[in-house]
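Below is one structure, written out as structure tokens; the observations come after it.
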Amino acid sequence: MNKFIRETARQPSKRILVALLAAGESRRFNGIKLQATVDVIDSNGKIKSQPLLLQTLDKLTSLNTKTSTELKVELLVVLGAHQEKLANLLSSDVNRRFNTNWQSGIASSIKEAVIEAEALKVDGLLIALADHIGVTLDDYQQLITAWQSYGQTCCAQYQNSFGVPAVFNSSDFTDLASLTGDMGAKHLLKKKSNLDALSIVEIEGVAIDIDRRADIEKWQQMIVENLS
Numbered sequence: 205m206n207k208f209i210r211e212t213a214r215q216p217s218k219r220i221l222v223a224l225l226a227a228g229e230s231r232r233f234n235g236i237k238l239q240a241t242v243d244v245i246d247s248n249g250k251i252k253s254q255p256l257l258l259q260t261l262d263k264l265t266s267l268n269t270k271t272s273t274e275l276k277v278e279l280l281v282v283l284g285a286h287q288e289k290l291a292n293l294l295s296s297d298v299n300r301r302f303n304t305n306w307q308s309g310i311a312s313s314i315k316e317a318v319i320e321a322e323a324l325k326v327d328g329l330l331i332a333l334a335d336h337i338g339v340t341l342d343d344y345q346q347l348i349t350a351w352q353s354y355g356q357t358c359c360a361q362y363q364n365s366f367g368v369p370a371v372f373n374s375s376d377f378t379d380l381a382s383l384t385g386d387m388g389a390k391h392l393l394k395k396k397s398n399l400d401a402l403s404i405v406e407i408e409g410v411a412i413d414i415d416r417r418a419d420i421e422k423w424q425q426m427i428v429e430n431l432s
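Note that my numbering has the sequence shown beginning at 205, numbered continuously upward.
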């Protein structure tokens, strides 16, 4: 095998951008919810306490070590409201984009993710929400594996409702960029489902997110119960 063939064989066959959307105002939380400290149980069965934003980011960062050598994972954090305070939580090597139009709705953050995805010329885009504390690393990995296996858009489903996190092909980028206001990706996912062009992964954790301060209290109590 010559040098060119050996080097080509080492190259990942696909690249995916994992975009963590963290631009919302968290109005119902009455504060900066992504800055709030929450607990998770780590792989060693111990409690890890850190801001909500970093809890989710850590899971997505770990995808680089969990995915096969045939897939290269790029990471992006989209910030908007509270961008200065949240940016201070991120290490300097974390790629981020600032959504100056965050007040118009989640579609503007999706557009920022698409702009980055197109610039990087990736094959796929995973859209994740920073407040989805109940979604695990294994859940994200299952989505990516399904996308690799079936070659079509793949999303989470729970109790007959589907939505993000979801993985989109580069052929979907134009449709994603055309979303407006508070119209999230669910509209496009329904369209894909009607065309039988959507793969589904059952993820119970999508039902658990942080919206109000009471949600953190419920989550923390759940952690205590799981340790007892």
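The C-beta atom is built at its ideal place from N, Cα and C for all residues, glycine as well.
- The C-alpha of Ile331 lies about 6 Å from the C-alpha of Val371.
- Going by C-alpha positions, Val318 is about 30 Å away from Val242.
- Cβ-Cβ distances below 7 Å link Leu402 to Gln356, Thr357, Cys359, Leu393, Lys396 in the same chain, with the five nearest sequence neighbours on each side left out; the list follows chain order.
- Taking 9 Å as the cut-off, the Cβ atoms of Ala285 and Trp306 count as close.
- The beta carbon of Gln239 lies closer than 8 Å to those of Pro255, Leu256, Leu257, His286, Lys289, Leu290, Leu293 in the same chain, with the five residues before and after it left out.
- Between Gly409 and Val298, the C-beta gap is not smaller than 9 Å, which leaves the two residues out of contact.
- Counting C-beta atoms within 10 angstroms of its own C-beta, Arg232 has fewer than 16 neighbours from the protein chains shown and is therefore classed as exposed.
- Within the same chain, Val282, Arg301, Asn303 come within 6 Å of Glu316 by CB-CB distance, once the 5 residues on both sides are set aside.
- Pairing Lys218 with Leu329, the inter-Cα distance amounts to about 11 Å.
- For the alpha helix (DSSP H) assignment, the uninterrupted runs of no fewer than 4 residues enclosed by the segment 282-339 are, from N- to C-terminal side, 287-291, 310-324.
- For Ala360, the secondary structure class from DSSP, reduced to helix, strand or coil, is strand.
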